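Chains as they are written, first to last, in my numbering: chain X, 1 to 773; chain A, 1 to 773.
Each residue gets a CB set at the ideal place from its N, CA and C atoms; glycine is no exception.
Quick caveat: nothing in here was measured; it's all calculated off a predicted structure.
There are 2 protein chains.
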Amino acid sequence: MKHYLQHDPWNIVEEGFHRDFNEVTESVMSLGNGRLGGRGSFEEKYSGKTMLGNYVAGVYYPDKTRVGWWKNGYPQYFAKVLNAANWIGIDIDIEYETLDLNHCEVRDFRRVLNMEEGYLERSFVARLKSGKEVQVNAKRFCSIVDDEAGAIRYAIKPLNFDAKITITPYIDGDIRNRDANYDETFWDEVRKETAYGEAYIELRTRKTGFHVATGMCVSIEQDGLSIDYQSQPIKYEKYVANRITLDCRQGQETVVYKYAVNLSSLNYDPDTIIKEAHQYIQRITRKGFDKMLFEQKQAWADKWKMNDIVIDGDIAAQQGIRFTIFQLNQTYTGEDERLNIGPKGFTGEKYGGSTYWDTEAYCLPFYLSTADQKVARNLLIYRYKQLGKAIENAQKLGFRAGAALYPMVTMNGEECHNEWEITFEEIHRNGAIAYAIYDYVRYTGDEQYLVDYGLEVLISISRFWSQRVNWSKSKEQYVMLGVTGPNEYENNVNNNWYTNYIAAWTLRYTTEAVAKVKALNPEKYAELIDRIHFREEKELATARQIIDKMYLPQDDQLGVFLQQEGFLDKDLMPVSDIPKGQRPINQHWSWDRILRSCFIKQADVLQGLYFFEDEFDVDTLRRNFDFYEPMTVHESSLSPCVHSIQASKLGMKEKAYEMYLRTARLDLDDYNNDTEDGCHITSMAGTWLAVVKGFGGLRVEDEKLVLSPYCPDNWQALAFKIRFRDMLVQVTTTQRDVTVQNFSTMPITINLHDKDVTIKAESQKTISSKVTA
Amino acid sequence: MKHYLQHDPWNIVEEGFHRDFNEVTESVMSLGNGRLGGRGSFEEKYSGKTMLGNYVAGVYYPDKTRVGWWKNGYPQYFAKVLNAANWIGIDIDIEYETLDLNHCEVRDFRRVLNMEEGYLERSFVARLKSGKEVQVNAKRFCSIVDDEAGAIRYAIKPLNFDAKITITPYIDGDIRNRDANYDETFWDEVRKETAYGEAYIELRTRKTGFHVATGMCVSIEQDGLSIDYQSQPIKYEKYVANRITLDCRQGQETVVYKYAVNLSSLNYDPDTIIKEAHQYIQRITRKGFDKMLFEQKQAWADKWKMNDIVIDGDIAAQQGIRFTIFQLNQTYTGEDERLNIGPKGFTGEKYGGSTYWDTEAYCLPFYLSTADQKVARNLLIYRYKQLGKAIENAQKLGFRAGAALYPMVTMNGEECHNEWEITFEEIHRNGAIAYAIYDYVRYTGDEQYLVDYGLEVLISISRFWSQRVNWSKSKEQYVMLGVTGPNEYENNVNNNWYTNYIAAWTLRYTTEAVAKVKALNPEKYAELIDRIHFREEKELATARQIIDKMYLPQDDQLGVFLQQEGFLDKDLMPVSDIPKGQRPINQHWSWDRILRSCFIKQADVLQGLYFFEDEFDVDTLRRNFDFYEPMTVHESSLSPCVHSIQASKLGMKEKAYEMYLRTARLDLDDYNNDTEDGCHITSMAGTWLAVVKGFGGLRVEDEKLVLSPYCPDNWQALAFKIRFRDMLVQVTTTQRDVTVQNFSTMPITINLHDKDVTIKAESQKTISSKVTA
């Protein structure tokens, strides 16, 4: 835990330079716009602790797999998010000294991520070894309007000298991934160009052959006026720059504007990509920094108008939830169905791949409630487009006849993870992908999606489940052997309740979806079943058999579902019995000890009761919660949110708040001591869920929005905005009452604290508060 | 399967050069003497497929661990058998051409491993590109008399030309392990020296700092007479040689004798090791090649006298069993308690480490019955000396109070394997180490071993088991969760019958051993328990509780023990149902598919019934054999031998023979297509077991030798020699009768086919044959 960042409702503030935590700050202060982004590093050279990271969405490299011991079925390559050309760099040399905060006295340092307006600002005074003092103010953003561009305003002022200052804005493409398995370089240079104040470089990824053109243009002001300058172009291998030497007077501010673009061959023809970069640069340079920043602020204001959450009376919580919303919006905008939500977004490169089950299980509801319907739809389309690869993936593992197993981690649809207990056995991900279709249709009412895309995915996943179970003669039921559930602190278990349940549920939902699509569009249905050789009668009969006879382990005496068969053989004890100094257990215990202990990384049974809550009564939830919560160590950042939601539902306000706190400031306080690798982007969605589904009680039932909001004890008010179909509503809950404001031009009816309430167009209604007990 | 090697009772013969199989032949024709050894490669340069390998026992390098995903508890380093300086090399240049069989026409090629006398011989005629033809005859051995030396006789004769021939005997220390994780070099040069016809190089391993001095001396004969020659010394980095150019006439044979030594700092002071090498070289050079080879033949004759097995009527089987005995003797001589039996011996470097549970479970009985008692005893002492490391190893995994977990793979007592499901969970190895003590004491009657060493190891292992089980409230029994049994096609299972059984057995045997040692030597006992803080009453009470209440899964209806809990949930089917072309399944199926299938790599339950056969009746064995055998794919080379022994016991002669055949010629026929990596040294002991314990029915009961030999149907006779305490007996069994010859100077009483039979000193007795039904 670290507490060096200031609490502030709209900004993340580092006051004074915290060298040792610089990589943490860089992660937290990352910028992104869905297409490109990078860490909050310095523009000028910094020889201290830093991890430079600039990323271009959708551009990846298949790094050769590294294993200790090969297991049949492992992928040969592992697609990685690529650290790309550094476009932010501006070297500063003052006579014979390089400005490098690692070798200066630094004062008045302040680095601020402005979340309201979407930019990063940094100012400081540096005293060089020679005694010269300079004041710097740098401002940078990745534009969400011109979403392949970024811009920097870098102002430097000599405080106690006159001198020649050399300013070298550059693009450096000689970049490696810190997590490269064999220290390989992933980029080759294709070409480079320099011109007066401009420089371009085109790089190509090895193997995958993506082209990325990065360009920059520099303009300079002194005394508030644009000036002409002498510029010396520099070209090295994978590096282009302009070296500009200026006479600077004491007290005079020199302002460098650096405009940059990153175009990738995902969107441009490689033959003309440098030309396009040139034109793009010209366009944004003409627009200018101030106009770009103005548009950025406007665009962010529009976003906040749709999805801000206001917490009254707890500034740390306010900051945490805004950080969550800000980062999720920076990571994924839903413009492009080829992109997805990487676990680190644009804030780091660890874990490779861009897509985990996190997207469907945690992130989808956020985008459903805060963005246009097409955003969530594009997340589903992403998987639809990768169905072919999922079928190939299942074939590699011995499945047949169109069965699909989506990969655990992917970039382009191919599996890119290689731990057998995860890659091959954490198959519950397939269930989450089916569930996301259900969740989307339930929320949006867009049944046409089933016709056009959804049913095909559901049938393919159902085929997998039908083949993955086997009939146990000894139980006279279907069993599923050798799986790893969401609780990754158990591996290769038999009859994981969550996985068995979601498998049977998928078969059930597929059966319903078949009926629905048949009714909605018999021609399209006929075309589909012909194309994918769906033998309706036979396959649905098998599905029904499995649904009827699926083994779901439970203990009648305790009245709980068993995480997996045999769970009660463990030495059961609460987390509070773990000796001091041994947590997190994953940093203190060997893997076998974790596996045979009763301790749970994230509780799968509770995850299942969250997904399928309509199918269980509250007493069942309470018994399972009381049984599993005390054994859960929450060493997955995806864990506490579900517990918080469940605790809210059970009226356990304190527990709900405690669980909410576990993720609310995970990265801001570097809770797990790993934020330096990047932020936990997908688990941020969990924080949002804890607030909106937990405290807010958001649900959809029978095509209707359901809310049962309450305000945690130490907050004065909580207000959140959500979209639901054609509506935009704001829910404000205090300790006394709840106000729902309808921004729509039509009256709406919602279920509020178990009662139907109608709110007129563009008006609001307040009722007294009630906590579900 | 390959059948290019000739069948011959005493020799392994390659007739004609089989280029594509050269690495297989090199493995099979490896030479060793317990201290050094290497693969059957060529002396002269060979640019084709070859894997050069020369090894010095006990010299290893801790290679940095490579993993895909780190798990807490993995060792940082992984000790590897080191490929050491190449001392066999002799380059031959004929005018401007290098003799390289990869670029010649080769005829009359013949490579023979003479197992009776312990040397490798190779002859051929090569026609160079120029048309020149030379005839070569090379003979090489690793001396078991001068066991740090090897010698080569390399004879070359021009067949159709007179020319200058340049002969360059060399030592090359610029050697890397093919399996190095990061392509690192493990050796540094310390010094090198050359003199007339001599050359020395001293290398040091990085990190571990072992010194190895390798020296050579060359003498040359022409026309049968030793000649003086001009020699040009050559020194490169890590390389020393003497270049000798001779005038050779058509038809004249030039014979090069190369004497070499490898001294290691395990046995010599690094300060004087080069000097020692020099003296050693002088001594053997004075002795001369012919005398050395004569002594070698004598020494091998002595060995064969003690442990030969004669199979009459099946030359392939005869060759197979002699190959087994030959390789086991080449690998381990029991002279040095710091050494052990690597899985590849001196025939390759794969798998790293030198010691697996193979030593205790499979190899020990071979050495017990074929060598002096001290050989087996040294294998036990090896583990005793590593007890401290085993306790540290257990501590790393969270165990306390002197509990010991021996590593899965080791060189110096530290774990050097890193698959969690094996390293942390294949803990049954600890049981095998306890069992070996029992096996040794039972066979030799050496109860003093328990006093001096055995009990301390037993108590430490028992402490591990006592902590590793936990009480299941739901079963009201002790359970053992999260283990991998000998059947590695199941991972992380609960209540593996074999592991639970051997754990309870260890506790039982430890309790008995405590009583025995107390009775034999109360002072030593008191000293021991004080030193290791053994709280006798408390620890034995715990042990008794666990023995009484250990859960051992079984199915009463089928009357079988269950490999692990839940085994009957699997889709049970015989191996014969696996579709054609999908075997071995480990090359065709993904790991998860293997795990959830019913197919067994090696059957743990049958292994347990083999170890503890006195505790089960034959009907129990038969039911379990009939249940498990059909599901066993025998994809471990350690598997078939146990099935063969059990089948023999059950009177299933055909099955016993079928299983015997699976290992009998494993490497000679390259059964699994992997002999090129080296021979399966430890599983060779299994072949011997199948013959002596299976066909021979060798057991020890109540201090008495028990035999119930029979002769497989297609053999005319089987004769094997064994030692038992003071006796040396030969058992000869034909289809009609059994003859036991007593070579001892005392009468002996043995149990032969369930009857006590006394045989007078130095005489024999024949009884009519009977097969146990």
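Residue i versus residue j - alpha carbon distance
i        : j        : result
X:Thr772 : X:Lys693 : Reliability fails at X:Thr772, whose pLDDT of 44 lies under 50, so the model's placement of it is uncertain and the value that follows must be treated cautiously. Whole-angstrom Cα-Cα distance: 13 Å.
A:Leu450 : A:Ala503 : 19 Å
A:Gly34  : A:Gly334 : 8 Å
X:Tyr453 : X:Phe599 : 39 Å
A:Leu520 : A:Glu703 : 18 Å
X:Gln319 : X:Leu661 : 12 Å
X:Phe289 : A:Leu397 : 58 Å
X:Phe109 : X:Ile156 : 14 Å
A:Ile234 : A:Tyr356 : 42 Å
X:Met306 : X:Leu455 : 31 Å
A:Ala717 : X:Lys473 : 47 Å
Cutoff 6 Å; reference residue i; Cβ partners in own chain excluding five residues on either side
i        : result
X:Ala603 : Tyr628 and Thr632
X:Lys389 : Gly413 and Glu414
X:Pro709 : Gly696, Gly697, Val731, Thr733 and Val738
A:Phe724 : Leu705
X:His417 : Met408, Val409 and Thr423
Sheet register partners of residue i (DSSP bridge)
i        : result
A:Cys248 : A:Ala163
X:Cys217 : X:Glu198 and X:Tyr259
A:Val240 : A:Ile171 and A:Lys235
A:Arg107 : A:Val125
Partners in chain A for residue i, counting only beta-carbon separations shorter than 7 Å
i        : result
X:Ser426 : A small fix is needed here, since residue 426 of chain X is Glu in this sequence, not Ser. Those do not exist, as X:Glu426 stays about 10 Å from chain A at its closest Cβ, beyond 7 Å.
X:Arg593 : Leu397 and Gly398
X:Asp569 : Ser472, Ser474, Lys475, Val479, Leu481 and Asn494
X:Lys71  : Trp591
Residues of its chain near residue i, where Cβ-Cβ distance is below 7 Å and the 5 sequence neighbours each way are ignored
i        : result
X:Asp188 : Leu203, Arg204 and Arg206
Of the residues the options, the one placed nearest residue i, counting alpha carbons only
i        : options                                   : result
X:Ile849 : X:Leu552, X:Ser130, X:Lys238 and X:Gly334 : Outside the shown range of chain X (1 to 773) lies residue 849 of chain X, about which nothing can therefore be said.
X:Ala85  : X:Arg107, X:Cys598, X:Asp162 and X:Arg39  : X:Arg39
X:Leu82  : X:Thr98, X:Lys71 and X:Asp63              : X:Asp63
X:Phe625 : X:Asp614, X:Thr331, X:Val134 and X:Ser648 : X:Ser648
X:Ser47  : X:Ile88, X:Trp70, X:Val56 and X:Leu99     : X:Leu99
A:Tyr229 : A:Val212, A:Ala213 and A:Tyr196           : A:Tyr196
A:Met29  : A:Arg249, A:Ala394 and A:Gly118           : A:Gly118
X:Gln620 : X:Leu650, X:His634 and X:Pro630           : Checking the sequence shown, residue 620 of chain X turns out to be Thr, not Gln. Cα-wise, what sits closest to X:Thr620 is X:Leu650.
A:Trp87  : A:Tyr61, A:Ile175, A:Tyr443 and A:Leu595  : A:Ile175
A:Gln222 : A:Cys248, A:Ser130, A:Ser41 and A:Glu198  : A:Cys248
Neighbouring residues, chain A, relative to residue i (Cβ below 8 Å)
i        : result
X:Leu562 : In chain order: nothing, as chain A lies at least about 10 Å away.
Residues that residue i contacts on chain X, provided the C-beta gap is smaller than 8 Å
i       : result
A:Thr65 : Gly68
Sequence-distant residues of its chain with Cβ nearer than 8 Å to residue i (five each side left out)
i        : result
X:Asp726 : Ser744 and Met746
A:Lys49  : Arg19, Asp20, Asn22 and Glu23
X:Thr542 : Ser466
Contact list for residue i against chain X, beta-carbon separation under 7 Å
i        : result
A:Gly566 : Asn494 and Glu565
A:Ser637 : Those within 7 Å of A:Ser637 in chain X number zero; the least Cβ separation is about 18 Å.
Cβ of residue i within 9 Å of any chain B Cβ
i        : result
X:Arg596 : You won't find chain B in this structure, because its protein chains are X and A.
Residues that residue i contacts on chain X, provided the C-beta gap is smaller than 9 Å
i        : result
A:Lys258 : Residues of chain X passing the Cβ test: none, with the nearest at roughly 39 Å.
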